[in-house]
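Trainee:
Residue numbers (my numbering): 10 to 180.
Pasting the structure below:
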């Protein structure tokens, strides 16, 4: 039950967070989750972020609406809107963007998940279905990830220029 899970989270100092629209969930589920969020809000250990009734497009639209309301109220001007301000209005505000997305079931799509946050996320796709995903698969994904070159939108040559390229970039 959710209550037992919340007790385990408290015992292990885990902070429960939900991204998505809780109001769309059944009342009993929503109230239990809200109780869990309240009970764990001061926990300082790991953050457990659950995406429930979540959609990346909806998250982006919600952020745009919040920013638009602030602009209409004169709290910000259009020139203030940049990536940082936009990110501050997402459900994941204050959380780092994911480094790795492990996509189970062999699907080659992001399925409307964290569309803004995944700009530079590395993806690992495996044919294993989520119910069969175990520690072995997690370790495999992490090992592959550790061998990747994180480029954050750059190309390898920009990260590792030759000595002559490095000199011309600093001139």
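We treat Cβ as the ideally placed atom computed from N, Cα and C, and that holds for glycine.
Tell me the residue span of the beta strand (DSSP E) that contains residue 63.
Mentor: Here the question's residue 63 lines up with position 54 in the chain shown. No beta strand (DSSP E) holds residue 63; DSSP gives it neither H nor E.
Trainee: What does the alpha-carbon distance come out to for the pair residue 119 and residue 112?
Mentor: Along the chain shown, one-based indexing puts residue 119 at 110. Along the chain shown, one-based indexing puts residue 112 at 103. Cα to Cα, the separation comes out at about 8 Å.
Trainee: Residue 129 and residue 159: beta carbons closer than 9 Å?
Mentor: Walking along the chain shown from the start, residue 129 turns up at place 120. Walking along the chain shown from the start, residue 159 turns up at place 150. Going by C-beta atoms, residue 129 is nearer than 9 Å to residue 159.
Trainee: Using CA coordinates, which residue listed in 161, 149, 45, 11 is at the minimum distance from residue 26?
Mentor: For the purposes of this step, residue 26 is identified with residue 17 of the chain shown, where counting begins at 1. Among 161, 149, 45, 11, the Cα nearest to that of residue 26 belongs to 45.
Trainee: For residue 131, does the three-state DSSP call read helix, strand or coil?
Mentor: Taking the first residue of the chain shown as 1, we reach residue 131 at position 122. Three-state result, residue 131: strand.
Trainee: Mind checking which residues open and close the beta strand (DSSP E) that includes residue 112?
Mentor: For the purposes of this step, residue 112 is taken as residue 103 along the chain shown, with counting starting at 1. Start and end: 109-112.
Trainee: Helix, strand or coil, according to DSSP, for residue 90 in the structure here?
Mentor: Mapped onto the chain shown, residue 90 falls at position 81. In this structure, residue 90 counts as coil in the three-state DSSP scheme.
Trainee: Nearest to residue 161 by alpha carbon, out of 38, 131, 34?
Mentor: Within the chain shown, the letter at position 152 stands for residue 161. The option with the nearest alpha carbon to residue 161 is 131.
Trainee: Give the list of continuous alpha helix (DSSP H) stretches no shorter than 4 residues that lie fully inside the stretch 139-163.
Mentor: Segments of the alpha helix (DSSP H) lying fully in the stretch 139-163: 144-155.
Trainee: Which residue's Cα is closest to the Cα of residue 91: 72, 82, 105?
Mentor: Along the chain shown, read from residue 1 onward, the residue named residue 91 stands at position 82. Selected option, being the one with the closest Cα: 72.
Trainee: Is the distance from the Cβ of residue 121 to the Cβ of residue 65 below 9 Å?
Mentor: The residue given as residue 121 occupies position 112 in the chain shown. The residue given as residue 65 occupies position 56 in the chain shown. Cβ distance < 9 Å, so residue 121 and residue 65 count as in contact.
Trainee: Going by Cα to Cα distance, which pick from 97, 141, 123 is closest to residue 115?
Mentor: In the chain shown, residue 115 corresponds to position 106, counting from 1. It is 141.
Trainee: For residue 94 versus residue 85, is the C-beta spacing smaller than 9 Å?
Mentor: Here residue 94 refers to the residue found at position 85 when the chain shown is read from its first residue. Here residue 85 refers to the residue found at position 76 when the chain shown is read from its first residue. Cβ atoms of residue 94 and residue 85: closer than 9 Å.
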